[in-house]
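Residue numbers (numbering that gives the first Met the number 0), protein chains in the order written: chain F, 0 to 359; chain V, 0 to 85. Cβ atoms here follow ideal geometry from the backbone N, Cα and C, with glycine treated the same way. Note that the coordinates shown come from a computational prediction; the quantities given were computed from them, not determined experimentally.
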Amino acid sequence: MPTPQHIQQRKFWRGKLADTAYGTSRDPATDANYKQFIAKDRNLANLQPNVQDNAGYATGYPRATEQWLSNHNVTFSHDFDLCAQEIGRDLYDAFGKVVTTQPNAVDEPTVYKHVFSTMDLTVSRQLPSRSWVEKVGSAINRLHPGVCLAQLALSGEASARLSGSGQWQGSGKEVEPSGLTGENITGLIYFYESQCTVKFDDGTTLTNMATAPNRLNSWRCEIINQLLADDGFRPGAAVFQTADDFDSGEVRSELLLGDQSFNIVANVRLLSNDPLRAYLKAQTNLIFTNDILGPVIPGGDDGYNYQLSIKAYQAPFKAVQLGERNGLVSIELQINPLFQLSSGKDLEITLYNDVASYVA
Amino acid sequence: MAKEKKMPEKKKAVEKKKVLLRFHEEQTSPTLEIGHGEYTRKFDAKEQPFECEPEEAELLKRTGYFVDESAAAKAEAGEKSNTATS
């Protein structure tokens, strides 16, 4: 009997690893190839078939008499709690580059260090793409390959878990049914706002937002990828929603990165003799860091914790706005991370956890 | 008199020279794995030096985790000769 489907029945998975090539999914028949994604929001993917019609053609009629599929697009957005293991997949998809090492393989064999940084655009403009599976009860069971991350925001406020939110865009291809059974994800270590330490370093003075007194209200860090979505339907690529059905509408054969940009915002209490406003006036080049320290990583000498560290190497303020929060004067610092010539770096995120690899 | 036709020169196949890389001396991890877009490779310290395509080598060198073996060897040779002269 047909039954209405409740939004609470929704479940998502995504490739444990990136697609083998753009739009080529890891085999969904193997559950281990996919990791469950726990979204907080109630959003579902939006598949948009784009059509053209013959309005204005010499048909002799005032309105269109025919329409046809030209291409397909898939977009979706989700909010999620930030955990030490799964955030690595988002960071790899957002930045496009990761280097994984073991800081102490002898005494800490379970500890891995992942450094995420911006892509070297002289080598490649294709971000890692991943396949996503969406299920809603028995009504929806679909796989979207070739999904790239258009925007990732990490943020923290109050006593909550740290949050992530993302906007994704796929190739337009939709495979039904997905072919995935899907395992539940367990054993995740989450980060909390109280674990954050935000600092500004002007080269001589280190202003720590977590000491004397603790003054951080909230923070947000965004990685914005300009995806060349319209350019992804390549002439001659011959990839269609249904293979070899030229009338089923094109899907993307690539989704290149046009540009990457960043935004960092920190909202803190204004103190007496506060140096922060002067930094804006002087356009001081600051080093921004946010070290988020979680629990100890088990399996070794307890020398390493789950940790997420955000670092902007040359980060002057682009705006400083005064306001108030519960009566206390606050100052919202909008930071503009620049590319530092001496280090060849702009924004870098380092993650310590027990995940051996995000790429193989 | 008919001009002698010059035979087109045979095009020589241009072979790209492979580049040999090593871990930077500060790199103590037994393995290093890199993902860059669709490119992925895992390096094992025991298998040094690593043979790389020139473009690949450029990407890897720019990460700061690798040094060009020929450059490293030259630097080492330079150091030795400096020591000898002093």
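Contact of F:G95 with chain V by beta-carbon distance below 9 Å involves G34, H35 and G36.
For F:V122, the residues of chain V that pass the 9 Å Cβ criterion are H35, G36, Y38, E54, E55, E57, L58 and R61, in the order they occur in the chain.
Between the alpha carbons of F:G95 and F:Y278 lies a gap of roughly 32 Å. Listed along chain V, the residues sitting closer than 8 Å to F:L126 by beta-carbon distance are G36. Beta-carbon to beta-carbon, F:Y111 and F:N352 are separated by about 6 Å, close enough to satisfy the 8 Å threshold.
Counting only runs of 4+ residues, the alpha helix (DSSP H) found wholly inside the region 209-290 of chain F occupies 275-281, in chain order. The straight-line gap separating the alpha-carbon atoms of F:K344 and F:S252 is approximately 30 Å.
In this structure, the CA atom of V:F65 is about 16 Å from the CA atom of V:Y38.
By the Cβ neighbour-count rule, F:L179 is buried, with 16 or more other Cβ atoms within 10 Å of its own.
Cβ contact annotation for F:A314 (same chain, cutoff 6 Å, sequence separation greater than five): L285, F287, I334 and P336, in chain order. Note that the C-beta distance between F:V267 and F:S342 is not below 8 Å. In this structure, F:F11 lies away from F:A31, with their beta-carbon atoms at least 8 Å apart. Judged by their CB atoms, F:E192 and F:E156 are nearer to each other than the 8 Å cut-off.
Within chain F, A359 have C-beta atoms less than 7 Å from the C-beta of V:K41, given in sequence order.
In this structure the region 49-59 of chain V lies against the region 115-123 of chain F, because at least three pairs of beta carbons, one per stretch, are closer than 8 Å.
Boundaries of the alpha helix (DSSP H) harbouring V:T62: P53 to T62, taken from the DSSP string.
With a threshold of 8 Å between beta carbons, F:S356 makes contact with chain V. Going by beta carbons, F:N53 and F:E249 fall outside the 8 Å limit. In its chain, beyond the 5 residues on either side, N32 have a beta carbon closer than 7 Å to the beta carbon of F:D26. For V:T30, the beta-bridge partners assigned by DSSP are V:D43. Counting the other Cβ atoms within 10 Å of the Cβ of F:Q8 gives fewer than 16, which makes it exposed. Chain-ordered, the chain V residues with CB closer than 7 Å to the CB of F:M118 read H35 and G36. Shown here, F:Q194 sits in a helix according to DSSP, grouped into three states. The contact set of F:P102 on chain V, defined by CB atoms closer than 9 Å, consists of T27 and S28 in chain order. One alpha carbon belongs to F:N45, the other to F:E347, and they sit about 31 Å apart. Within its own chain, the residues whose Cβ lies closer than 6 Å to the Cβ of F:I291, once the five positions on either side in sequence are excluded, are F190, Q194, C195 and L307, listed in chain order. For F:Y91, the closest C-alpha among the options F:S76, F:R129, F:N325 and F:Q101 is that of F:R129. Taking the beta carbon of F:T109 as reference, no residue of chain V falls within 8 Å; the closest one sits roughly 14 Å away. Shown here, F:G155 sits in a strand according to DSSP, grouped into three states.
With a cut-off of 8 Å on Cβ pairs, the region 201-212 of chain F is not in contact with the region 71-85 of chain F, counting fewer than three such pairs. Within chain V, no residue has its beta carbon less than 8 Å from that of F:V264; the closest one is some 28 Å off.
Annotation for F:A93: the continuous alpha helix (DSSP H) segment containing it runs I86 to F94. The C-beta distance from F:K172 to F:P144 rounds to 5 Å, short enough to meet the 8 Å contact threshold.
Within chain V, the C-beta atoms nearer than 8 Å to that of F:Y91 come from G34, in chain order.
Annotation for F:A149: Q166, W167, Q168, N224 and L226 place their beta carbon closer than 7 Å to its own, counting only its chain and skipping 5 residues before and after. Per DSSP, the continuous beta strand (DSSP E) segment holding F:T74 begins and ends at Q66 to D80.
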